[in-house]
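Working notes, structure below.
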Amino acid sequence: MGFDPAPFTADEAAAPVLAHLAGAKWRKARDLAKELCKQDKPRYLPLVIAANEGLAREMLGKGQVKEAAEVIAYLKTIAPPELIQSLQETKEVAVVTSAGGAAAATAVDRWNSVLILAAVVEAGGSVSAEQLAVVDGVVASFFSPPAGEPGSPAARVAEELKSVLAACEATATGQWEAAQTALRLLPRRSIFQHWRMLLRGVRHAHQDEAALAQQCFATLPEGSATARAATLWQLALGLPVPANVRAPVNAKAGGLAALVGAPSSCGLAIAQAAREWKAGQRIDCLATLTKEFRSGFPTDEPGLLSVLSDAVLSTRNSSRVEADLVSEFADDVFHLLDAPRLSPGQQLRLARFCAVAQAEELTPPDVEEDWQRVITLAGRFYGPSGVRDSMLWLQLARNMAKKESIGIPFFGRSRPRDEKRALKAFTMAVTADPLNEEAQMGLLSFYREHGTPKQLAGHVEFVIRHLPNHKESLREAGRLAVARKAYGKGLDFLRRVRQLDPLDREAGGQIILALISQAVEARKKKPGSLPGIWAELESSPGLGEAARLDPAVIPMTDPRLERWAVKLIQSLIDPDPAAAAACRAEGTRLAPSATDAVILQKLAGLHYKLPSAPEVERDWKALVAAATLTDVWRAAVINFTWWRLVDGSIRRMYSSSNFLNPILAAAGEKSPATDFEGLRLLTIYFLSLHRARLQNGVIHFQAISEALSPALEKAAKPATADARLKLALLAGQFLRYFPATVSEAEKLTARLRADGHVQWVAVGELLAEAIDRADKGFEGCDEDEEFDDKEEEGDFDDFSDEPDLPEFNLSEAEIDEFEVKAQLLGLPPGGGAVIAAIQLSPPELQQEFKERLMSTGMTEEQWCELLALLALPVPLPALRPAPTPVPKPAPKPAPKPKPKPVSADQLEFELEPPDAPPVP
Amino acid sequence: MNPFLILNVPLDATDDQVRKAYQTALQSCPPEGDPVRFQAVQEAWSQLRDERSRWKARLLPPPPATDGPMDALIALARLPGQRRPLGLPAFRQWLQACSAPPEKPAASSSAGAQQKSKPKNKRRR
């Protein structure tokens, strides 16, 4: 400003005006000066001019160009022309640069500052961050510098700025060479040097040279506009962004949008949507983006909009909170589906989201309705396609057939399966596209579990007709043929599988089992054909393969596929005594232990209904007589793993009592504590689980309690029978849904305490609490509170009336701990979750019970082993005794293996030392 | 990330188109040069190689790994082949935004968003 205050310093009347001018209070200064002008205009007019000039410049600084123009127009009537000229120039700069801020208003001043700073840098000095911000402001506003006198420093700096701006324009439009050329003109000591590095970094970023780009970006002055500008490309390349560099969020969204080819104007909406997303307002987030992109959102068309659609309509639910958000959002979206303005594509996208997001929690009719809507909309939008419809039907079928979650943590929500709807959906899937292998296999699995043998066979035939080289269906066909004793046909199917895949171990194993079954049948009808079968068995490539399987891949192996077991089974089948004896000798020699050999022969005899050789019976009796707790449990484990899982039939478990009960009875006779201990452990196991898991376990429990019932009957006065037995039977009664009362459990617990059975007291208390909990659960279920009307109540018909499963919120460390335990015990992947489920359900009782057990001397390791033992299936190798230094019995022609009691240090699962096992 | 974007093919691409796009992508990212991108290309190829898998990728994609729109935008910008020059207006806008004084945390915008939130719908069940 050209205002000189000197003439007014001694003027008292002008003092307030000068004070206002000094404080940039232009309006107040102007008003006071106008008053003074009324007294003496020529004297005080410079004050009015100074106040108006200050006001005009301030307005231009704030971007109020229009208002400033009015002030300038007034000034034209009172101010000298040179002042007006200066103000006009400032105004033009503000309009041209359209920066709309202080930068524009003071662009000339800033340019002057840049000139000074350039001189400082050229002289080898340094500039502060604030000074650099002035330089960056000039560049970022694309200021057109005045040319200056040729050869002057101002002209040189102006040329440098022009080069930078030219490089910026070239970079913005992807003309990398032009940008490079422009930057070459920039001297090394230029004040704009850091802009060269930014633009070079951007070029590298666009040329996918992340390391070079980062090198350039790393040199940018901290806190400068260039460092902030670089964050856009750092984000895009996945490079680390310095923590103290914060780019404006809205502009960042716009910049990223522009970077992927979308208009930068949508950045505002994306940034707003991101804020809403973070605040958990997903429906608002959807609304914001829909408003911005209109009919283009949501969509599947690859590009920014599909990526945003996937992000917003995400079904990711990695935590409980997120799962609730998804569910709530899906409800909101569901209510949007009938909006008239939605295009078919939008409807399909939203309907798909609802169907996937709520598949686990809605009732089966609702889920079916959701998926049928998706199928219909997809047909309407994309046109007919059997392949697509099949895939969608399959999705629904899988959802309907999905088993109810059994309370194991981390496995999501539970909804009972709907077999009828599942079958319908599977059928639709295979009808729509018979070549859909997944659908065919899905239906095959479904029929295996729920269908009749006829349905299964019919479907297998259908699959083989459409997929003649499909291994799994061929294997299933082979298995079915063998099951109906059509061995030739079955073996043909299985050999076809081996031809297709010579490494298919499952088919190899099935061939072995089929040949054994064939030999059992041939023994009755065509004994002469046995040598041929033995030869085929001997040369079968599947023999021994299963035994070498990695337990982590297939945790369960069938011991019948091991050579030693095959030889022993052969010895049972072969009617030729000499051949049988030779096989038995060979099998016993190869067996892991003499005990294994005897147990397997006994089991195989029961399984194939073959009489055992007298020496086997003798060995068996000796083994039973010498049975210790550990033997019992090993036998039980083999029984579980083989009989239950290999044959896969619950009915088989009833027959397993034929095997298990003699051992228990003998062991109990020898040492009553043994069978009680077994019973106690089983009781713990069952009480620790949710009822839904008890279906299989109860049968075994029944088998064992039946084995003990004679002892109860023998008691002269049942009322005075052993309290342990009575408690076990009460537990069995409770688990089989017969009424049991807390008072009964408590009475028995009191007796057990009086008798000194400390560990049983814990079981008694556990049982009492379980009964109490169940009673409360049923009493607490008030249907009126849950359902509004009968119609809604009807939707729950398909749901179980069982109380909700317990839920666990485990920390990652706790989950890891379980997994480590599972690994130590050789459990298959996921074993940690099984252990967690047992150990934590119900958590408070489990913890208390564990503490009680610990107080009775059980170690942590034993507790884990107990859990692992109870959490069957356990890989068989993990249950075998550790290799012993004792050499195996020499292969004698007539082996008479005398079972030796296994010492405690050889065993993995001995919980307590047996009660002085007598050695026969 | 969307396999169609990775191989840069349209939704209704044929087997041939997908195969050609896969071959092109492989040429531009050999496994020894850019193993991460190579892996992504392989995964995209396995998801798009036939009509059935393409339908699956279109209609039943796995939940995205990203969290929210901004995350998704950044993930898209990180995809090779997706980055383009900003264009002069967007470039100028970005530079000017960066040269302005840093923004203060916008507490009020989130409060505004909360006010905008509608009453929750009644659950379907």
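Chain order of the listed sequences is A and B.
If you read the first sequence in my numbering, its first letter stands for residue 403, the second for the next number, and so on.
If you read the second sequence in my numbering, its first letter stands for residue 21, the second for the next number, and so on.
Glycine included, every Cβ here is placed at the ideal spot set by N, Cα and C.
Taking the alpha carbon of residue i as the point to measure from, which residue in the options has its own alpha carbon closest?
| i | options | result |
| --- | --- | --- |
| residue 852 of chain A | A:876, A:830, A:835, A:821 | A:821 |
| residue 25 of chain B | A:423, A:706, A:411, A:634 | A:706 |
| residue 873 of chain A | A:1002, A:898, A:419 | A:898 |
| residue 456 of chain A | A:859, A:729, A:632, A:470 | A:470 |
| residue 183 of chain B | A:544, A:409, A:486, A:481 | Nothing can be reported for residue 183 of chain B, as the shown portion of chain B is limited to 21 through 145. |
| residue 587 of chain A | A:577, A:598, A:578 | A:598 |
| residue 623 of chain A | A:647, A:615, A:640, A:642 | A:647 |
| residue 924 of chain A | A:619, A:1012, A:1157, A:682 | A:1012 |
| residue 776 of chain A | A:929, A:755, A:766 | A:755 |
| residue 651 of chain A | A:589, A:644, A:642, A:630 | A:630 |
| residue 795 of chain A | A:896, A:1155, A:840 | A:840 |
| residue 423 of chain A | A:437, A:451, A:445 | A:451 |
| residue 566 of chain A | A:556, A:555, A:592, A:549 | A:592 |
| residue 557 of chain A | A:549, A:564, A:563 | A:549 |
| residue 943 of chain A | A:966, A:908, A:934 | A:908 |
| residue 995 of chain A | A:985, A:967, A:980 | A:967 |
| residue 938 of chain A | A:916, A:490, A:764, A:778 | A:916 |
| residue 666 of chain A | B:112, B:119, B:120, B:87 | B:112 |
Mark residue i as exposed unless 16 or more other C-beta atoms lie within 10 angstroms of its C-beta, in which case mark it buried.
| i | result |
| --- | --- |
| residue 745 of chain A | exposed |
| residue 1090 of chain A | Note that residue 1090 of chain A scores 46 on pLDDT, short of 50, meaning its location in the model is unreliable; the coordinates nonetheless yield the value given after this. Residue 1090 of chain A is buried by the Cβ-count criterion. |
| residue 861 of chain A | buried |
| residue 482 of chain A | exposed |
| residue 530 of chain A | exposed |
| residue 1297 of chain A | At residue 1297 of chain A, the pLDDT of 35 sits below 50, so the modelled position is not reliable; the number obtained from the coordinates is stated separately. By the neighbour-count rule (16 or more Cβ atoms within 10 Å), residue 1297 of chain A is buried. |
| residue 1159 of chain A | buried |
| residue 743 of chain A | exposed |
| residue 638 of chain A | buried |
| residue 871 of chain A | exposed |
| residue 904 of chain A | exposed |
| residue 429 of chain A | exposed |
| residue 998 of chain A | buried |
| residue 411 of chain A | exposed |
If I follow the unbroken alpha helix (DSSP H) through residue i, where does it start and stop?
| i | result |
| --- | --- |
| residue 21 of chain B | Unbroken run through residue 21 of chain B: none, as it is neither H nor E. |
| residue 972 of chain A | 965-975 |
| residue 838 of chain A | Taken as a continuous stretch (DSSP letters only), residue 838 of chain A belongs to no alpha helix (DSSP H), as it is neither H nor E. |
| residue 890 of chain A | 889-902 |
| residue 1006 of chain A | 996-1010 |
| residue 1145 of chain A | 1144-1157 |
| residue 762 of chain A | Careful: residue 762 of chain A lies outside any alpha helix (DSSP H) and carries neither H nor E. |
| residue 109 of chain B | 108-119 |
| residue 444 of chain A | 443-463 |
| residue 695 of chain A | 684-695 |
| residue 731 of chain A | 722-738 |
| residue 618 of chain A | 612-620 |
| residue 541 of chain A | 531-542 |
| residue 935 of chain A | 932-941 |
| residue 480 of chain A | Note, residue 480 of chain A: premise wrong, no alpha helix (DSSP H); not H, not E. |
Quick one: which chain C residues come within Cβ less than 8 Å of residue i?
| i | result |
| --- | --- |
| residue 69 of chain B | This model lacks chain C altogether; the protein chains it does include are A and B. |
| message | Tell me whether the segment 785-793 of chain A and the segment 757-771 of chain A touch, counting them as touching only if at least three CB pairs, one residue from each stretch, are closer than 8 Å. | response | no
| task | Return the residues of the segment 31-52 of chain B that lie within a Cβ-Cβ distance of less than 8 Å from chain A, sorted by chain order. | result | 31
| task | May I ask you to verify whether the segment 1001-1020 of chain A touches the segment 968-987 of chain A, counting CB pairs closer than 8 Å and requiring at least 3? | result | yes
| Selection of the segment 567-588 of chain A by Cβ proximity to chain B, strictly under 8 Å | 570, 571, 573, 574, 575, 576
| Would you call the segment 104-112 of chain B and the segment 657-676 of chain A touching, i.e. three or more CB-CB distances under 8 Å? | yes
| query | Should the segment 88-102 of chain B be called in touch with the segment 665-680 of chain A, which here means at least 3 C-beta pairs below 8 Å? | reply | yes
| chain B contacts from the segment 844-877 of chain A (Cβ-Cβ distance under 8 Å) | none
| request: Spell out a yes or no on whether the segment 853-872 of chain A and the segment 887-894 of chain A are touching, meaning 3 or more CB-CB pairs, one atom from each, closer than 8 Å. | output: no
| task | Closer than 8 Å, Cβ to Cβ, to anything on chain B: give me those residues from the segment 528-556 of chain A, in chain order. | result | 535, 538, 539, 541, 542, 543, 544
| Three or more C-beta pairs closer than 8 Å, one from the segment 748-764 of chain A and one from the segment 689-709 of chain A: is that the case here? | yes
| request: Decide yes or no for the touch test of the segment 77-87 of chain B against the segment 506-520 of chain A: beta carbon pairs closer than 8 Å, at least 3 of them. | output: no
| Which residues, in order along the segment 779-807 of chain A, keep a beta-carbon less than 9 Å from a beta-carbon of chain B? | 780, 784, 787, 789, 790, 792, 793, 794, 797
| Positions along the segment 679-691 of chain A whose CB lies within less than 8 Å of some CB in chain B | 679, 680, 681, 683, 685, 686, 687, 691
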